[in-house]
Structures are given as C-alpha cells and as structure tokens.
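*Asks:* Residues in the sequence shown are numbered from 19 upward in steps of one, following the numbering used here. Backbone N, C-alpha and C define an ideal beta-carbon position, used for all residues, glycine too.
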Amino acid sequence: MVTGLRLAGAGIVVLGALAAVLLGLAPAWVLAMYVMLGAVSFAVYGFDKRAARRGDWRVTEASMHGIDLIGGIVGGLLAQLVFRHKTRKESFVAVSALISVGHIAALGALLAGVWGVPEVLFLL
C-alpha cells in the first residue's frame, strides 16, 4: 500500500508540474527544477544507502528532507522504493509524506487558480 502511495505521490507531483507549465501557469524551469532536484535527491538517497551498508559517513535525515522540500521530492520517493531506504523508520516516512502533500497542495492551488506564480519569476 505504501509503495503505491509513493508512486502515486511522485506521479502526481510530476504531472501537476507538467500541467502547470503546459497551461502557462508556471515557467518551464519549475518542471526542470523538479527533474533536476529529483535526480539529486535520488543520488543522495543511493549514496546514503551505500554508506549505511558499509558503515561509512551518512547523510543526515534533515539534509535528505531538505532536498525533498526544495523540490527533490519525486526523486526521494522513488529512491525510497528503489533502494528500500528509510522505509521502516516511521518518523522519516511521515515527514516525507508531509513534504509530498505540501508539494501536491501547492501544485493543486496553482492549477485551481487559488495561487499564482509571480510574473517576475516567469522571466528567470
């Protein structure tokens, strides 16, 4: 069940960002940000899983959540599935879920017209 929720959350974020860009509600860099930061988050989770197996230096949970919060959530959710990393730690899973819901809510508000990206950000 949780696996399906992770996949659904990642998919909703990507589709929401894509829809916002295609509808002209967000600049293209928003989708690019989700893709690039998602790749960074995925790599960080992979690095941390490898370090955990080897007993090496680890990435802090706060750092992983920080990357997810600023836009890497898709990669974080997918990495949890692929690497089976941090999936048993309930507090980590709960924070990841809250971050996912936050991104979905923000994209939903954008698509519903409740919130808009300031025009100046379209120039970046």
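Shortest alpha-carbon distance to Phe101 belongs to which of Leu87, Gly90, Arg68?
*Replies:* Residue Arg68 is the option with its Cα nearest to Phe101.
*Asks:* Where do the ends of the alpha helix (DSSP H) carrying Leu47 lie?
*Replies:* In the sequence on display, residue 47 carries Trp and not Leu. 46 to 72 is the span of the alpha helix (DSSP H), which, as asked, contains Trp47.
*Asks:* Give the DSSP-derived three-state secondary structure of Leu43 in the structure shown.
*Replies:* Correct three-state label for Leu43: coil.
*Asks:* Put Arg24 into one of helix, strand or coil per three-state DSSP.
*Replies:* Helix, per DSSP.
*Asks:* Where do the ends of the alpha helix (DSSP H) carrying Ala85 lie?
*Replies:* Correcting the residue type first, residue 85 is Ile in the shown sequence and not Ala. Residues 79 to 85.
*Asks:* My understanding is that Leu128 touches Gly120, with C-beta atoms under 8 angstroms, so please give their C-beta distance in whole angstroms.
*Replies:* About 13 angstroms; that fails the 8 angstroms criterion.
*Asks:* In whole angstroms, what separates the C-alpha of Ala124 from that of Tyr52?
*Replies:* Roughly 13 angstroms between the two C-alpha positions.
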